[in-house]
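Participant: Quick one: structure below, then a few questions.
Numbering (the working numbering), first residue to last: 37 to 374.
And the structure:
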């Protein structure tokens with residue numbers, strides 16, 4: 037048990053709280069911290085909260101939490117740590133937050149698990165050419181039993197390209213390692229070649245990777261430097277029949293360029309993220325038979341969300357015990373993250 041119990045509250049939307057905190061996790065929260073009523077606060081601007089906020093030392097946040105800027109932080113002079121039970125903290129922190137030395141952690145590692153699992157499954161299904169048959173049932177009927185000699189199909193002697201060696205990209209590389217028939221290439225200007233090699237993959241330049249891969253999977257953060265990093269030139273460099281998978285951020289991929297390629301039938305695509313989200317109803321991506329769209333399913337959903345809560349509660353336990361935090365973030369690391 038921790039040596040002290042900091043005053044704490046959960047700050048997130050009511051929907052997020054009901055999703056993330058079942059009875060067992062509420063009980064653990066109350067055991068680890070001095071949680072006053074209400075345990076959950078959906079709106080920090082609501083009246084009657086000044087005394088609670090003035091005493092709060094720790095907040096567990098998630099979807100629906102506010103951006104922490106000076107006026108709000110002034111009401112929480114004792115705030116020392118925020119444990120975010122979700123992935124990105126970008127929209128929640130400010131210069132005021134960093135200047136006050138408040139510590140913050142993220143559950144991005146926990147959220148990476150289902151995204152990597154989704155990506156692995158998608159890569160393997162793409163190798164078996166499942167998606168064109170899903171979108172066009174008549175094609176499946178016509179091809180029934182007739183693909184034995186189609187050497188565009190299979191997960192043997194294939195190369196997978198991962199753009200970005202992020203938490204998710206790294207985990208995807210690790211999940212692919214047991215598949216001896218798949219060679220994995222990684223393109224990331226910030227990655228260490230030895231760390232990439234430790235996952236069984238090879239670090240190469242993006243322009244070297246593109247002509248070699250049958251599947252291209254995107255795992256880079258959305259930054260000004262990565263906007264439309266996969267556009268006309270990059271897509272043109274992919275071999276005929278390649279599949280583009282995006283579970284990262286929609287802005288990484290130039291949709292107009294992708295539409296042009298997919299209209300020819302040369303490339304397939306599986307997009308779990310788009311820009312914008314959702315797509316307008318007149319987007320050609322909705323009708324192309326070789327494009328599969330999923331509504332941001334890769335990240336933590338349903339039972340998987342409890343992994344995010346556990347991550348935040350583990351951080352709280354470490355904090356209360358005076359131990360190092362498990363997944364701390366700072367302004368420098370945030371600048372390179374999603």
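For every residue, glycine included, the Cβ atom is placed at its ideal position computed from N, Cα and C.
All values reported here derive from a predicted model rather than from experimental measurement.
When the distance is taken between beta carbons, is residue 100 closer than 9 Å to residue 49?
Facilitator: yes
Participant: In the DSSP assignment, find the alpha helix (DSSP H) that holds residue 245 and state where it starts and stops.
Facilitator: First-last of the alpha helix (DSSP H) with residue 245: 242 to 245.
Participant: How long is the line joining the alpha carbons of residue 148 and residue 207, rounded to whole angstroms?
Facilitator: Residue 148 and residue 207: Cα-Cα distance of roughly 8 Å.
Participant: Could you tell me how far apart the beta carbons of residue 222 and residue 238 are, in whole angstroms, since I believe they sit closer than 8 Å?
Facilitator: 7 Å
Participant: Looking at C-alpha atoms only, which residue of 127, 190, 87 and 117 is the closest neighbour of residue 360?
Facilitator: 117
Participant: Would you mind giving the Cβ-Cβ distance between residue 335 and residue 163, rounded to the nearest angstrom? I have them listed as a contact below 8 Å.
Facilitator: The Cβ separation is near 23 Å, so there is no contact.
Participant: On the criterion of 16 or more Cβ atoms from any shown chain inside 10 Å, does residue 40 qualify as buried, or is it exposed?
Facilitator: exposed
Participant: How many Å lie between residue 273 and residue 267 at the Cα?
Facilitator: In this structure, the CA atom of residue 273 is about 10 Å from the CA atom of residue 267.
Participant: By DSSP's criteria, residue 120 is part of a beta bridge. Which residues make up the other side?
Facilitator: 97 and 142
Participant: Do you know offhand how far residue 81's Cα is from residue 72's?
Facilitator: If I take the Cα positions, the gap works out to 18 Å.
Participant: How would you write the range of the alpha helix (DSSP H) that residue 276 sits in, first residue to last?
Facilitator: No alpha helix (DSSP H) contains residue 276, which DSSP labels as neither H nor E.
Participant: Check residue 86 in the structure and name its three-state DSSP category.
Facilitator: Helix at residue 86.
Participant: What do you reckon, are the CB atoms on residue 191 and residue 215 nearer than 9 Å?
Facilitator: yes
Participant: Does DSSP put residue 345 in a helix, in a strand, or in coil?
Facilitator: helix
Participant: Assuming contact is defined by CB atoms lying nearer than 9 Å, are residue 119 and residue 155 in contact in what I supplied?
Facilitator: no
Participant: Among 145, 264, 136 and 277, which one has its Cα closest to the Cα of residue 362?
Facilitator: 145
Participant: So what does DSSP say about residue 105, is it helix, strand or coil?
Facilitator: Looking at residue 105 - three-state DSSP - the assignment turns out to be coil, as it is neither helix nor strand.
Participant: Taking just the CA atoms, how far does residue 231 sit from residue 358?
Facilitator: 30 Å
Participant: What are the complete alpha helix (DSSP H) segments, minimum 4 residues, inside the stretch 199 to 266?
Facilitator: DSSP runs (the alpha helix (DSSP H)) wholly in the stretch 199 to 266: 203 to 212, 229 to 234 and 242 to 245.
Participant: Could you give the distance in angstroms between the alpha-carbon of residue 284 and the alpha-carbon of residue 259?
Facilitator: 12 Å
Participant: Considering only residues of the same chain and omitting the five flanking positions on each side of residue 276, which have a CB-CB separation below 7 Å?
Facilitator: Here the set comprises 302.
Participant: Give the DSSP-derived three-state secondary structure of residue 309 in the structure shown.
Facilitator: Here residue 309 sits in coil by DSSP.
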